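Notes to accompany the following structure.
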Amino acid sequence: MKNMEDIIVAHLHDEASIDEVRALFRWVRENPENAREFARHALLHSQLRRQLSGEHRASESLDAQGAGRPTSTELLKSETVVSSANNTSAKRWRRFSYLMAGTLAAGVLVAMSVIALRNSDKRPIVQPKQRPSAFATVAQTIDVVWGTGSFHKSDRVGGGGTLELQQGIVRLEFDSGVRVTLQGPAKFELVTLEHTKLTSGLLTASVPPRAEGFRVDTPQVEVTDLGTAFGIRIDDGTSKVSVFDGEVDVALPDSAEKRLLQEGEAASIGIGNEIETTDFDGAPFERLWPVSSGIEASTGAFRFTPPWPRRIRFVRSDNEIFVAPEGYVTTLTEPLKVNISEPGKYAREESLSPSEVSSGRMVRSFILHFHPEHDGRRRRFARTTGSIRFDRPVLGLIVLHRELAASADRFPGRRAGEALQHRQLELTGNRAGDVVALSEDRRTISLDLGAPTRFSDLVRVIVDATGDQQTESTGP
Amino acid sequence: MVWCAMEREQVTRFTNLWTHAQTSVFAVISSIVTNFADAEDVLQKASTIAVSKFDTFDLDGDERAFTGWAIAIARYEILRYFRDRGTDRHEFVAKSLGQIVDAFNEIGAEHIERREALNQCMQQLQGRSRDVLQKRYGEGLKTGAIARLLGLSAGNVSIILNRTYRKLRECVDGRLAAGVEAS
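So the protein lines, in turn, are chains A and B.
The first sequence begins at 1182 in the numbering used here and counts up by one.
The second sequence begins at 227 in the numbering used here and counts up by one.
Have a look at this one:
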């Protein structure tokens, strides 16, 4: 049976089985020392490639100058037993041996062209004001009183800096797409793009696919995200971790004890204590939901649902409109039909402004749901109003059954019962009908909703997310 | 003319920083993407993105900060590589990549010492061990191809390769430990 070093070496030579690779990565995740040992092997592997490919390149260069000695690659090429795959591999490897030197030259060339392009715009190369190695942006602040230091919207932060809030709420957007919202009093250190420390306060983190591994340390516990949304509250020397979506690893520092928490689970950890499972309670994070979702303000009946429970179709209230974000930022892979695409007030179906949001667009989606109580017998009618303001322009509203049902699978997660025909706006123009308005700046939606027995009002809001980092693509 | 001065300064800065960082960046990539040719492609993409995004890197940042920044770029290219191929490795690679990147950042300070120790240790290698290592790392040949060239069995090449690698690893660690004790 292979020991772990054998598996590491086999893996680095691309000769390990899938089960061995799975075991290796599980071992790497078990503790940081394992990860460092693996990194040292990989560094040696990389240094060997660099050094020996350099020697090989020098040797080939001498051969090309007249020595005439065939290289191993050429010898192999002359053998009929060599597969075409190996041939390709050898050719590509030769390309690699030049790459370590070549990337540098190529990089310089590209840099020069980028700079040349900039010069053609006659724009100076201006380094934005930022802290050393900044990797996150202050996206929103609400009623913040800072302790030490002071930050404003759009400031870049990171590089070991610490945010200290005496009160208020701050939302940070990391370059990796991670979205962290803090509620003061809180102290939060940004160590690296993937590693942070919360010394006190309340935090929620939303970690999109591809940014998994984001870690928040508290004095009591290390919380490592596995692609999820979670919250941490530090209170009286105890850290409470609540998982809203996906999974997180919670581990005691300097101890082998760790536990995997899943959606809807919570754990409490005091200094030196064990990890204790506790009841999930989203209430402490209630003030953070709208901010972490990119909602600037609301008036009237709006109530923000936590990302738990996921299914909201059974949430009912006679006077509240529930707001639920649907997952992470999505890049549309095909056009999306919306019923309202232009600012204005809409009370009749025939006056809607249908259009399509084009494919390739980055969007966030929200469900607005008015779902009054009913006992199934008495005839009832409920009406409510309110307005909600987003931090980005609204690209379109989906308010009719056909488009709601058609778009349901494209924004999975909330299952608001879009398949039911009576879950839509009733734009009849009469007193019992619904009225919806989109402001001229496209950021505010006003709703005046009425819902008779068994009916509920459902709106899907498509908000522009251009420039957000929480996307599938990170390329230039 | 002011522009020209800035261009040169920026290009020189990038060149110096990338020279320092590229082995670490490739180490991260090749620790996950173990097919040489594919790892090469990922490195190339990461370098192109690093150039195009260089103006978002704080020019006051040091070499270590740049290496961390470049590794962060490489991280996304690694995930993109697995995602695009839809392999069953994507899930557990994604789960572990954060810890691996952290580990590389943590051992970043050892990089130069380890390279110097490796140079010393390589001088002790001779004969068949050196040939096999050269063919594997220098020419990028797989075990079977090396076996055909040297007239050995693939198993034999594998044993020589692993033994030589282990010897080098122990030599490098020994030199570092001796260096720490001496200091």
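Ideal Cβ placement from N, Cα and C applies to all residues, glycine included.
Remember, predicted model here, so these are calculated numbers, not experimental data.
* Asked: Does DSSP classify Leu1513 of chain A as helix, strand or coil?
  -> In the structure shown, Leu1513 of chain A sits in coil (DSSP, three-state: anything other than H, G, I, E or B).
* If you drop the 5 nearest sequence neighbours on each side, which residues of the same chain put their C-beta closer than 7 Å to that of Ser384 of chain B? -> In its chain, beyond the 5 residues on either side, Thr369 have a beta carbon closer than 7 Å to the beta carbon of Ser384 of chain B.
* First and last residue of the alpha helix (DSSP H) that includes Phe308 of chain B? -> Segment Glu289 to Arg311, the alpha helix (DSSP H) holding Phe308 of chain B.
* To do: Please say whether Val1510 of chain A and Ala1646 of chain A have beta carbons closer to each other than 7 Å?
  => Contact flag set, yes.
* **Delimiting residues of the beta strand (DSSP E) encompassing Gln1348 of chain A** => For Gln1348 of chain A, the enclosing beta strand (DSSP E) stretches over residues Thr1343 to Phe1355.
* Candidates B:Asp284, B:Thr282 and B:Val251: which alpha carbon is nearest Phe269 of chain B's? -> Looking at the sequence shown, residue 269 of chain B is not Phe but Leu. Of the candidates B:Asp284, B:Thr282 and B:Val251, B:Val251 places its Cα closest to the Cα of Leu269 of chain B.
* Residue interval of the alpha helix (DSSP H) (run including Phe330 of chain B) -> Run containing Phe330 of chain B: His316 to Glu332, per the alpha helix (DSSP H) assignment.
* What residue range is occupied by the uninterrupted alpha helix (DSSP H) comprising Gln346 of chain B? -> Counting along the chain, the alpha helix (DSSP H) containing Gln346 of chain B begins and ends at His337 to Met348.
* To do: Could you check what DSSP says for His1550 of chain A in three-state terms: helix, strand or coil?
  => Strand at His1550 of chain A.
* Asked: Under a three-way DSSP split, which group does Leu1606 of chain A fall into?
  -> For Leu1606 of chain A, the three-state secondary structure derived from DSSP is coil.
* Look at the alpha carbon of His1194 of chain A and the alpha carbon of Arg306 of chain B, and state the distance between them as a whole number of angstroms. => Their Cα atoms are separated by approximately 21 Å.
* Asked: Given that a residue counts as buried once 16 or more other Cβ atoms are within 10 Å of its Cβ, and exposed if not, what is Lys361 of chain B?
  -> Its Cβ being crowded by 16 or more others within 10 Å, Lys361 of chain B is buried.
* In this structure, what does DSSP give as the bridge partners for Thr1458 of chain A? -> DSSP, once it has assigned bridges, lists A:Ala1448 as partnering Thr1458 of chain A.
* Asked: Taking Cβ positions only, does Gly1394 of chain A come closer than 7 Å to chain B?
  -> Residue contact with chain B for Gly1394 of chain A: present (Cβ-Cβ distance below 7 Å to some residue of chain B).
* Asked: Mind checking if Glu1375 of chain A is an interface residue toward chain B, Cβ cutoff 7 Å exclusive?
  -> Answer yes: the Cβ-Cβ gap between Glu1375 of chain A and chain B drops below 7 Å somewhere.
* **Straight-line gap, Pro1657 of chain A to Pro1574 of chain A (C-alpha atoms, nearest Å)** => Low local confidence applies: a pLDDT of 27 at Pro1657 of chain A is under 50, so the model's placement there is unreliable, with the coordinate-based value given in what follows. If I take the Cα positions, the gap works out to 23 Å.
* To do: Using a Cβ cut-off of 8 Å, pull out every chain B residue sitting near Phe1219 of chain A, in sequence order please.
  => What Phe1219 of chain A touches in chain B: Ser257, Ile326 and Ala329.
* Going along the chain, which residues of the region 1449-1482 of chain A sit with their C-beta nearer than 7 Å to a C-beta in chain B? -> Considering only beta carbons, no part of the region 1449-1482 of chain A lies closer than 7 Å to chain B.
* Asked: Taking the continuous alpha helix (DSSP H) assigned at Asp1506 of chain A, which residues delimit it?
  -> Looking at the sequence shown, residue 1506 of chain A is not Asp but Pro. No alpha helix (DSSP H) contains Pro1506 of chain A, which is instead part of the beta strand (DSSP E) from Ile1502 to Pro1506.
* Pro1434 of chain A: buried (16+ other C-beta within 10 angstroms of its C-beta) or exposed? -> An exposed status is given to Pro1434 of chain A, since fewer than 16 other beta-carbon atoms sit within 10 Å of its beta-carbon.
* **Whole-angstrom C-beta distance between Thr1343 of chain A and Lys1368 of chain A, which should lie under 8 Å** => A Cβ-Cβ distance of about 6 Å is found for the pair Lys1368 of chain A and Thr1343 of chain A, placing them in contact under the 8 Å criterion.
* To do: Can you tell me which of the three DSSP states Lys1334 of chain A falls into?
  => Collapsing the DSSP output to three states places Lys1334 of chain A in coil.
* Asked: Between Ile1350 of chain A and Glu1467 of chain A, what straight-line distance do the alpha-carbon atoms span, to the nearest angstrom?
  -> The alpha-carbon separation between Ile1350 of chain A and Glu1467 of chain A amounts to approximately 12 Å.
* Any beta-carbon of chain A closer than 7 Å to the one on Asn388 of chain B? -> It does; some Cβ of chain A falls within 7 Å.
* Asked: Do we get a CB-CB distance below 7 Å when we pair Gln1228 of chain A with the residues of chain B?
  -> Chain B places a beta carbon closer than 7 Å to that of Gln1228 of chain A, counting this residue as a contact.
* Asked: Which residue's Cα is closest to the Cα of Thr350 of chain B: B:Cys397, B:Phe330 and B:Ala263?
  -> Looking at the sequence shown, residue 350 of chain B is not Thr but Gln. Out of B:Cys397, B:Phe330 and B:Ala263, B:Cys397 has the C-alpha closest to the C-alpha of Gln350 of chain B.
* Range of the contiguous alpha helix (DSSP H) that encloses Gln270 of chain B -> In the DSSP annotation of this structure, the continuous segment of the alpha helix (DSSP H) that includes Gln270 of chain B starts and ends at Phe262 to Ser278.
* **Within the region 1382-1426 of chain A, ranges of the beta strand (DSSP E) (whole runs, at least 3 residues)** => You should have 1396-1398, 1403-1406, 1410-1416 and 1419-1426.
* Asked: How is the beta strand (DSSP E) around Ser1536 of chain A delimited, first residue to last?
  -> Ser1536 to Val1538 is the extent of the beta strand (DSSP E) around Ser1536 of chain A.
* Asked: Under three-state DSSP, which class holds Ala1646 of chain A?
  -> Looking at Ala1646 of chain A - three-state DSSP - the assignment turns out to be coil, as it is neither helix nor strand.
* Asked: Is the region 1508-1527 of chain A touching the region 1577-1585 of chain A, taking contact as three or more C-beta pairs under 8 Å?
  -> Three or more Cβ pairs closer than 8 Å define a contact, and the region 1508-1527 of chain A meets that threshold against the region 1577-1585 of chain A.
* Report the residues of the region 343-369 of chain B with a CB closer than 9 Å to any CB of chain A, ordered along the chain. => So the list reads Leu344, Asn345, Met348, Leu359, Gln360, Lys361, Arg362, Tyr363, Gly364, Glu365, Gly366, Leu367, Lys368 and Thr369, given in the order they occur along the chain.
* Residues near Asn331 of chain B in its chain [Cβ-Cβ closer than 6 Å; skip 5 each side] -> Shown here for Asn331 of chain B: same chain residues with a beta carbon closer than 6 Å to its own, the five before and five after excluded, namely Gly294 in chain order.
* **Short CB-CB distance (under 7 Å) between Val1289 of chain A and chain B** => In this predicted model, Val1289 of chain A has a pLDDT of only 46, less than 50, meaning its place in the structure is not dependable enough to derive any value.
* At a cut of 8 Å, does the region 1216-1236 of chain A reach the region 328-344 of chain B through at least three beta carbon pairs? -> A contact exists between the region 1216-1236 of chain A and the region 328-344 of chain B.
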